[in-house]
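Those protein sequence lines, which keep their order, are chains A and B.
In case it helps, this note's numbering puts the first sequence at residues 1 to 220.
In case it helps, this note's numbering puts the second sequence at residues 1 to 273.
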Amino acid sequence: MIKMLTTLLNPTSGSATVAGFDILRSPREIRKRIGYVPQMLSADGGLTGRENLSLSAKLYGMSAAQRSDRIRDALEFMGLAEVAHKLVKTYSGGMIRRLELGQAMLHRPSVLFLDEPTIGLDPMARRTVWDRLLALRKQYGMTALITTHDMEEADHLCDELAVLHLGEIAVMGEPSKLKAAVAPDATLDDVFAQTCGGTIQEGGTYRDVQQTRRTARRLG
Amino acid sequence: MFSRPEERPVGWVERWPALKFTTDSAAIADAELIKIFRDPTELFSRAVQPVLWLAVFGQVFSQIRGIPTGDVSYLAFMTPGILAQSVLFSAIFYGLAVIWERDLGIVHKLLVTPGSRGALVLGKAISAGLRGIVQAVIIYLVALALRIGIRWEFFAVAGVLSGVILGSAIFSTFSLIIACIVKTRERFMGIGQVLTMPLFFASNAIYPLELMPDWLKSIAAVNPLTFLVDVLRGLMIEGGRSTHSLAVDFGVMAVVFLLLVSIAARLYPTLAR
Numbered sequence: 001m002i003k004m005l006t007t008l009l010n011p012t013s014g015s016a017t018v019a020g021f022d023i024l025r026s027p028r029e030i031r032k033r034i035g036y037v038p039q040m041l042s043a044d045g046g047l048t049g050r051e052n053l054s055l056s057a058k059l060y061g062m063s064a065a066q067r068s069d070r071i072r073d074a075l076e077f078m079g080l081a082e083v084a085h086k087l088v089k090t091y092s093g094g095m096i097r098r099l100e101l102g103q104a105m106l107h108r109p110s111v112l113f114l115d116e117p118t119i120g121l122d123p124m125a126r127r128t129v130w131d132r133l134l135a136l137r138k139q140y141g142m143t144a145l146i147t148t149h150d151m152e153e154a155d156h157l158c159d160e161l162a163v164l165h166l167g168e169i170a171v172m173g174e175p176s177k178l179k180a181a182v183a184p185d186a187t188l189d190d191v192f193a194q195t196c197g198g199t200i201q202e203g204g205t206y207r208d209v210q211q212t213r214r215t216a217r218r219l220g
Numbered sequence: 001m002f003s004r005p006e007e008r009p010v011g012w013v014e015r016w017p018a019l020k021f022t023t024d025s026a027a028i029a030d031a032e033l034i035k036i037f038r039d040p041t042e043l044f045s046r047a048v049q050p051v052l053w054l055a056v057f058g059q060v061f062s063q064i065r066g067i068p069t070g071d072v073s074y075l076a077f078m079t080p081g082i083l084a085q086s087v088l089f090s091a092i093f094y095g096l097a098v099i100w101e102r103d104l105g106i107v108h109k110l111l112v113t114p115g116s117r118g119a120l121v122l123g124k125a126i127s128a129g130l131r132g133i134v135q136a137v138i139i140y141l142v143a144l145a146l147r148i149g150i151r152w153e154f155f156a157v158a159g160v161l162s163g164v165i166l167g168s169a170i171f172s173t174f175s176l177i178i179a180c181i182v183k184t185r186e187r188f189m190g191i192g193q194v195l196t197m198p199l200f201f202a203s204n205a206i207y208p209l210e211l212m213p214d215w216l217k218s219i220a221a222v223n224p225l226t227f228l229v230d231v232l233r234g235l236m237i238e239g240g241r242s243t244h245s246l247a248v249d250f251g252v253m254a255v256v257f258l259l260l261v262s263i264a265a266r267l268y269p270t271l272a273r
């Protein structure tokens with residue numbers, strides 16, 4: 001789904017609007033207005049943190065002055081200023097994710113897409129990524145669309161939550177209300193179990209699993 | 001950091017698509033070149049093979065004198081061919097790097113930026129083209145060591161380098177197209193091996209076209225490698241002669257290159273599916 005909304009894949013049927021533009025008719029306009037952090041590791045290990053940011057900034061068509069301002073800001077905000085000159089392949093998983101967040105925010109998108117942002121990260125790294133994400137949203141106010149298997153993450157980050165089951169939205173709403181509807185002290189795990197339980201239908205293909213595990217290994 | 005929500009970077013570059021296309025290509029080429037020169041081991045390991053061809057194969061075959069090479073020795077005749085070969089062999093595996101980037105997710109991220117698809121592909125081709133210069137330098141050095149008569153005029157060397165750049169760009173883009181079609185490393189390795197040898201042997205790299213049977217001659221005549229060798233043979237060695245004029249050689253290569261880039265630009269997005 002995220003691949004369609006980020007214009008990587010055309011839908012087989014139907015359409016959608018992102019940041020006011022149709023994904024089929026104006027994909028380029030959408031690309032100017034969204035940021036994307038893929039589930040996989042998308043920063044280039046052979047480049048330094050600064051070079052990665054610089055490449056993104058150039059592709060977003062920024063002038064040299066704007067580029068250097070924003071790269072400096074991004075490095076500072078993501079706590080990477082001191083390692084900016086180091087190759088990304090020497091970074092930890094959390095640092096790479098923060099760098100990718102910085103890259104995806106350079107052009108101040110109105111929608112930020114995050115695909116499993118903390119998969120494979122240790123709890124501390126996960127915290128810092130969450131912390132930066134919430135700080136970003138507070139300061140900048142962009143919409144963030146996150147996909148995750150981690151119910152704690154969904155609970156911590158999301159104002160609005162949809163549980164997808166067999167390709168359809170099974171339930172949608174604020175996390176607190178969803179939980180209250182199940183039981184007074186229920187967790188999101190319970191919500192998930194109640195919505196999707198009953199059917200023993202395993203989601204995901206061999207390739208998905210392979211990809212997820214590989215990402216987890218690289219980041220970890 | 002992100003205190004001005006309304007501010008979107010509508011840089012002045014964005015208002016001229018042609019300029020944006022150029023800066024996008026330059027940005028990609030720049031990043032690729034940084035990576036190549038940061039870790040040049042691959043460049044030098046690829047140099048071993050052409051050195052062997054010239055120093056071993058060439059030395060032996062030049063004793064035979066059975067191959068009509070005009071006024072030049074067989075060793076001199078094959079030198080430009082081996083440069084073309086080294087360009088082909090190192091460019092043809094370029095797609096592997098792209099498959100690697102796909103497995104990582106770098107391709108996905110690039111495709112979600114407003115950078116044009118054509119520019120992403122062209123930038124990679126430019127960097128691969130410039131990488132070819134290293135091959136040329138190596139062959140020049142080997143030729144010098146083997147006392148092959150080299151043309152050192154500025155025009156000749158500049159022509160050789162331009163040919164090498166264009167040739168590398170052609171074969172790396174071709175490789176990128178194959179990568180977009182096969183998408184996995186295993187399949188790519190297989191196809192890469194299968195393609196390189198026919199491209200090499202169905203060309204004028206180590207023997208003149210006149211020696212070939214007609215069916216092979218007609219394949220060789222349209223092989224882009226033949227046109228590259230033709231440029232190099234005319235410009236690199238003393239007494240070397242081209243079959244076509246430089247305008248024809250470069251013209252054909254330029255058309256092939258543009259065609260390949262436009263195909264690659266269409267196929268590149270399929271890597272993210």
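C-beta atoms are modelled at their ideal positions from N, C-alpha and C, and glycine is treated no differently.
Quick caveat, the model's predicted, so the values are computed rather than measured.
Secondary-structure assignment with DSSP links A/Met172 through a beta bridge to A/Ala162. B/Pro80 and B/Ile36 have their C-alpha atoms some 24 angstroms from each other.
When Cβ-Cβ separations below 7 angstroms define contact, A/Gly61 makes contact with chain B. Under the three-state reduction of DSSP output, A/Ala144 falls in the strand class. Beta bridge pairing from DSSP links A/Leu114 with A/Val37 and A/Ile146. For A/Phe21, DSSP records a beta bridge to A/Val18. Taking a cut-off of 8 angstroms for Cβ pairs, the stretch 52-65 of chain A and the stretch 100-112 of chain A touch, as three or more such pairs fall below it. When the alpha-carbon of B/Leu258 is set against those of B/Ile170, B/Ile177, B/Arg233 and B/Val164, the nearest one is in B/Ile170. Interface flag for B/Glu210 against chain A is unset, since no Cβ pair is found closer than 7 angstroms. As computed with DSSP, A/Thr48 is found in a beta bridge with A/Leu87.
If you check the CB distance, B/Ser62 and B/Leu75 come in under 7 angstroms. Residue burial is scored here from C-beta neighbours: A/Gly167 has fewer than 16 other C-beta atoms within 10 angstroms and is therefore classed as exposed.
Excluding sequence positions up to five before and after A/Arg108, its CB lies within less than 8 angstroms of the CB of Tyr140 and Met142, all in the same chain and listed in chain order. Contact between B/Leu161 and B/Ile138 fails: their C-beta atoms lie close to 13 angstroms from each other, not under 8 angstroms.
For a Cβ distance threshold of 7 angstroms, nothing in chain B lies close to A/Glu116: the least Cβ distance comes to about 11 angstroms.
At least 7 angstroms separates the CB of A/Pro27 from every CB of chain B. The C-beta distance from B/Leu209 to B/Ala220 rounds to 6 angstroms, short enough to meet the 8 angstroms contact threshold.
Assignment of alpha helix (DSSP H) within the stretch 99-167 of chain B, counting only whole runs of 4 or more residues, yields 106-112 and 117-145 in chain order.
For B/Ile237, the three-state secondary structure derived from DSSP is strand. The alpha-carbon separation between B/Ser90 and B/Arg46 amounts to approximately 7 angstroms.
Proximity of B/Leu111 to chain A, defined by a Cβ-Cβ separation below 7 angstroms, is satisfied. The three-state secondary structure of B/Gly70, taken from DSSP, is coil. Contact check for B/Thr196 against B/Ile92 passes: the beta carbons are separated by less than 7 angstroms. In this structure, DSSP gives A/Met4 a helical state, which the three-state scheme calls helix. Residues of the stretch 33-64 of chain B with a C-beta atom less than 8 angstroms from some C-beta of chain A are Ile34, Lys35, Arg38 and Asp39, listed in chain order. Contact residues of the stretch 85-106 of chain B toward chain A are Leu104, Gly105 and Ile106 (C-beta to C-beta distance below 7 angstroms). Put simply, the backbone Cα of B/Phe250 is about 7 angstroms away from that of B/Gly163. With its beta carbon at least 7 angstroms from every one in chain B, A/Thr128 lies outside the interface.
Taking C-beta atoms as the reference points, A/Val129 and A/Thr147 fail to come closer than 7 angstroms. 7 angstroms or more divides the Cβ of B/Glu32 from the Cβ of B/Ser175. Excluding residues up to 5 positions away in sequence, Lys20 lie with their Cβ nearer than 7 angstroms to the Cβ of B/Glu14 in the same chain. Under the three-state reduction of DSSP, B/Ile28 is assigned to helix. Contact between A/Ile2 and A/Leu41 fails: their C-beta atoms lie close to 16 angstroms from each other, not under 8 angstroms. Secondary structure of A/Ser68 (DSSP, three-state): helix. Counting only runs of 3+ residues, no beta strand (DSSP E) is found wholly inside the stretch 215-266 of chain B. Of all residues in the stretch 40-59 of chain A, only Met40, Leu41, Ser42, Asp44, Gly46, Leu47, Glu51, Leu55, Ser56, Lys58 and Leu59 place a beta-carbon less than 7 angstroms from a beta-carbon of chain B.
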